[in-house]
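One structure is given here, and the rest of the page talks about it.
In our numbering, the protein residues as written are 2 to 128.
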């Protein structure tokens, strides 16, 4: 698999997004604890930190894919699956924030349907 400049854009975008989100999960886990569905086994903190580790791992692998582009097909699918896995947290956040201030409520609600194009964009990493 050879890469031209355009092939690197989705990987660079997602490496940055996952890296930033992963760092936030580590330094401010309490925010993320609140959006973890209570029905999941274990503690909300475990899920917050675990998803942060996953994001940092995906970011690192995406950066590694600049040297090893053959990683990209699997990474695109892994990123899309991760976005699917955290979607229930986005739905819970929208529900919990339904009475929040208008801007916060709008952000929470917009994130739910945006997850679909985000997953589609993540799949472009592997193409």
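Each residue gets a CB set at the ideal place from its N, CA and C atoms; glycine is no exception.
Note that the structure is a prediction, hence the values are computed from the model and not measured.
(request) Work out the CA separation of residue 88 and residue 114 for me, nearest whole Å. (result) As a working mapping, residue 114 is identified with position 113 in the chain shown. As a working mapping, residue 88 is identified with position 87 in the chain shown. Answer to the nearest angstrom: the Cα atoms are 10 Å apart.
(message) Would you call the region 42–52 in contact with the region 103–111, where contact means no fewer than 3 C-beta pairs closer than 8 Å?
(response) Judged by Cβ distances under 8 Å, the region 42–52 makes no contact with the region 103–111, as fewer than three pairs qualify.
(message) Quick check on the burial criterion: 16 or more other C-beta atoms within 10 angstroms. Buried or exposed for residue 90?
(response) Locating residue 90 in the chain shown gives position 89, where the first residue counts as 1. By the neighbour-count criterion, in which 16 or more other beta carbons inside 10 Å mark a residue as buried, residue 90 falls on the buried side.
(request) Tell me whether residue 126 is buried or exposed, calling it buried when 16 or more other Cβ atoms sit within 10 Å of its Cβ. (result) Within the chain shown, the letter at position 125 stands for residue 126. By the 10 Å Cβ count, residue 126 comes out buried.
(message) Would residue 35 pass as an interface residue toward chain D - the criterion being a Cβ-Cβ separation below 9 Å?
(response) Here there is only one protein chain, and chain D is not present.
(request) Could you tell me whether the region 23–39 touches the region 69–80, using the rule of 3 or more Cβ pairs below 8 Å? (result) no
(message) What I want to know is whether the C-beta of residue 31 ends up closer than 8 Å to one or more non-hydrogen atoms of the ligand PLP.
(response) The ligand PLP is not among the ligands present in this structure, which contains no ligands whatsoever.
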